[in-house]
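Numbering follows our numbering, in which position 57 of the sequence shown is assigned residue number 57; successive positions increment by one, without gaps.
By construction, the Cβ of each residue, glycine as well, lies at the ideal position given by its N, Cα and C atoms.
Keep in mind it's a predicted model, so treat the numbers as computed, not measured.
Written out below as structure tokens is the structure these notes cover.
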Amino acid sequence: MKKTILLMSAGLLVFIAVLAFYFGGKPAAENREAMYARAKVFQDSIANTIKSSMDQAATPVAGGQVVPAVTPTQQGAPTNTTK
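The following block contains the structure:
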């Protein structure tokens with residue numbers, strides 16, 4: 001009985017090892033250069049969206065006035081939090 005269990009467990013280990021070698025050696029699902037090219041397209045799209053929204057915000061409003069740009073504060077700079 002013990003020999004049967006030992007042989008079955010050894011057979012299972014061999015089967016798992018064969019599966020690991022079979023699936024472990026395959027190339028990546030997608031080419032790395034293709035991934036970089038697709039990431040560049042997304043990056044350019046996001047940059048274009050930000051630029052167009054910034055250009056739209058800088059357009060003059062009725063009356064010839066330009067809306068002032070908002071400058072971000074430095075991180076860690078103290079702010080007025082008095083209540």
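Work out the CA separation of residue j and residue i for me, nearest whole Å.
i, j, result
"Ser-52", "Pro-60", "15 Å"
"Ala-57", "Thr-49", "12 Å"
"Tyr-36", "Met-54", "27 Å"
"Asp-44", "Arg-38", "10 Å"
"Phe-23", "Ala-17", "10 Å"
"Lys-2", "Ser-9", "11 Å"
"Gly-11", "Ile-5", "10 Å"
"Glu-33", "Leu-7", "47 Å"
"Val-41", "Leu-13", "46 Å"
"Glu-30", "Ile-46", "23 Å"
Would DSSP call residue i helix, strand or coil?
i, result
"Thr-49", "helix"
"Ala-20", "helix"
"Ala-58", "coil"
"Met-35", "helix"
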